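Undergrad: The structure follows.
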Amino acid sequence: MFSSLPFGFMFIFVTLFGTIFSISSSHWLGVWVGLEINLIGFLPVLVYQKSTSESESAVKYFVVQALGSGLLIFGSLTNCSLSYTWEMMMDSSIPGFIIILSGLIIKMGMFPFHFWLPSVMAGLPWVSCLLLATWQKIAPLFLISSFLEAGILYSFIILLSLMASGSSIIGGIGGMNQTQVRAILAYSSIGHLGWIVFASCQGVWAMKSYFSIYLVISVSVFMALWYLNLNNIKNLTDLMTPDPWKTFSIMVMLLSLGGLPPLLGFISKWVVVSSSMNSNFWIFLFFLILGSVLSLFYYLSLYFSIFLGSSKSMYMNMKTYPKMMLFLTTALLLNLSGGLVLIFLNLLKEF
């Protein structure tokens, strides 16, 4: 996978280590160092195929992450100047907290600082897109969850819920009229990020459940697209005639990513909805669901355009490998097993 990148697996290890170091630290300086280690390891992974589009996306990603890191360290210094410690204390200054939160949101690509994510993902290979949409969001999400667990002001929870609702709406509207699959998945990632942040406002259990299911679906979708080398909607349409099974599998995964019941993606949203029913955040829940409905609209439009507009193409003689079919079948079964996952989550919650 990274054979063209010298010491590729070393960079992957550095990326993983930086995230773990960041979420394990109790000092803001340690958090910042961990995020920088993660960035140093992830940048070479972005350009392992050495193409011009990858280099452009890597530069954009570096500039955005540098801005987020600058805000994070500036907010930490603001807190340190008032509390005389680098500890992640919640009795710090409100301006310092807002600056830190802005830095974390920029790093994740969440509304209103989501503008960079679609253009960056558009120029990356599928494996890098998968890491950007999943692993690179873990550290900021867990840091925001630590804020919420420590008991921040109610107004900040409202602010996070408002940004989460905006992310869901942007993720739904932005994906319309897109022809590149990477752009569609980038806006889908923005929408899901809103759901995950809103879930963290309802409790750690809801956030971890949603992110775990989102991770499973994302791995299924991105790896299937990587196996089949599908980059735009026309490729999916051309694949329909020679091999409808592959197209059907990918479309089920995409509909699951959109949250269509009773697929796996719907279960994650059901967990968040059930966790927030007893709270006062139902108005934000309405906008989150509206964004998901908009996302489902363009996924269903894509679904019908593929099945109604299929034609013969270069995929007619495409080879089918046993490993590819095993992966697609396994991923399809996982995404179809939404009800079983819901039962398992309910049983696991009891323990």
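Residue 0 is where the sequence shown starts when you use the working numbering, and the numbers rise one by one after that.
Note that CB positions come from ideal geometry on N, CA and C, so glycine has one too.
Quantities reported herein were computed from a predicted structural model and do not represent experimental measurements.
How many whole angstroms separate the CB atoms of A163 and F283, which I take to be in contact at a CB cut-off of 8 Å?
TA: Against the sequence shown, residue 163 aligns to sequence position 164. Against the sequence shown, residue 283 aligns to sequence position 284. Confirmed, about 7 Å.
Undergrad: Per DSSP, which one or two residues make a beta bridge with H113?
TA: Residue 113 sits at position 114 when you count from the first residue of the sequence shown. None, per the DSSP bridge assignment.
Undergrad: For Q135, which of helix, strand or coil comes out of DSSP?
TA: Numbered from 1 along the sequence shown, position 136 holds the residue referred to as residue 135. Correct three-state label for Q135: helix.
Undergrad: For the stretch 42-51 against the stretch 106-114, do three or more pairs of beta-carbon atoms, one drawn from each stretch, fall closer than 8 Å, so that the two count as touching?
TA: Segments in contact, no.
Undergrad: Tell me which same chain residues have a C-beta within less than 8 Å of the C-beta of F350, skipping the five on either side of it?
TA: Here residue 350 is taken as the residue at index 351 of the sequence shown, counted from 1. Any reading at F350 needs caution, since the residue's pLDDT is 48, under 50, leaving its predicted position unreliable; the model's value is listed next. Excluding positions up to five away in sequence, the list is empty.
Undergrad: Could you round the C-beta distance between G193 and F110 to whole angstroms and report it? I think they count as a contact, below 8 Å.
TA: Walking along the sequence shown from the start, residue 193 turns up at place 194. Walking along the sequence shown from the start, residue 110 turns up at place 111. Confirmed, about 7 Å.
Undergrad: Run through DSSP, which three-state label would Q201 get?
TA: One-based indexing of the sequence shown puts residue 201 at position 202. DSSP places Q201 in helix when its eight states are reduced to three.
Undergrad: Between the C-alpha atoms of I22 and I72, what's the straight-line distance to the nearest angstrom?
TA: Taking the first residue of the sequence shown as 1, we reach residue 22 at position 23. Taking the first residue of the sequence shown as 1, we reach residue 72 at position 73. Straight-line Cα distance between these residues: approximately 16 Å.
Undergrad: Give the DSSP-derived three-state secondary structure of P243 in the structure shown.
TA: Locating residue 243 in the sequence shown gives position 244, counting from the first residue. Helix.
Undergrad: Are the stretch 154-173 and the stretch 118-138 touching by the rule of at least three beta carbon pairs closer than 8 Å?
TA: Too few Cβ pairs lie closer than 8 Å, so no.
Undergrad: Around the Cβ of W281, are there at least 16 other Cβ atoms within 10 angstroms (buried) or fewer (exposed)?
TA: Within the sequence shown, numbered from 1, the residue matching residue 281 stands at position 282. Answer is exposed; the Cβ neighbour count stays below 16.
Undergrad: Can you look up V272 in the DSSP assignment and give me helix, strand or coil?
TA: Mapped onto the sequence shown, residue 272 falls at position 273. It is helical.
Undergrad: Q135 to M107, Cα distance in whole Å?
TA: Mapped onto the sequence shown, residue 135 falls at position 136. Mapped onto the sequence shown, residue 107 falls at position 108. Approximately 7 Å between the Cα atoms of the pair.
Undergrad: Residues in its own chain within less than 7 Å of L214 by CB, not counting five upstream and five downstream?
TA: Position 215 of the sequence shown, counting from 1, holds the residue named residue 214. Once the five neighbours on either side are set aside, the close Cβ partners of L214 are T133.
Undergrad: Smallest Cα separation from L15: which of H26, W27, S25, V44?
TA: Taking the first residue of the sequence shown as position 1, residue 15 is located at position 16. When only C-alpha atoms are compared, the closest one is V44.
Undergrad: Between the Cα of W31 and those of A138, V203, S211, F41, spot the shortest distance and give me the residue it belongs to.
TA: Translated into positions along the sequence shown, residue 31 becomes position 32. For W31, the nearest C-alpha among the options comes from A138.
Undergrad: For the stretch 217-228 and the stretch 284-294, state whether three or more C-beta atom pairs, one from each stretch, are separated by less than 8 Å.
TA: Contact between the stretch 217-228 and the stretch 284-294 is absent, because fewer than three Cβ pairs lie under 8 Å.
Undergrad: Under the three-state reduction of DSSP, which class applies to P260: helix, strand or coil?
TA: Residue numbering aside, residue 260 sits at position 261 when the sequence shown is read from its first letter. Looking at P260 - three-state DSSP - the assignment turns out to be coil, as it is neither helix nor strand.
Undergrad: Out of R181, S75, S80, T77, point me to the one whose CA is closest to W125's CA.
TA: As a first step, residue 125 is located in the sequence shown; it is residue number 126 there, counting from the start. Taking only the C-alpha atoms, the option nearest W125 is R181.
Undergrad: Could you give the distance in angstroms between the alpha-carbon of L103 and the alpha-carbon of S80?
TA: Working through the sequence shown from its first residue, we reach residue 103 at position 104. Working through the sequence shown from its first residue, we reach residue 80 at position 81. C-alpha separation (whole angstroms): 20 Å.
Undergrad: K106 lies in the alpha helix (DSSP H); which residues open and close that run?
TA: As a first step, residue 106 is located in the sequence shown; it is residue number 107 there, counting from the start. Taken as a continuous stretch (DSSP letters only), the alpha helix (DSSP H) holding K106 covers 93-107.
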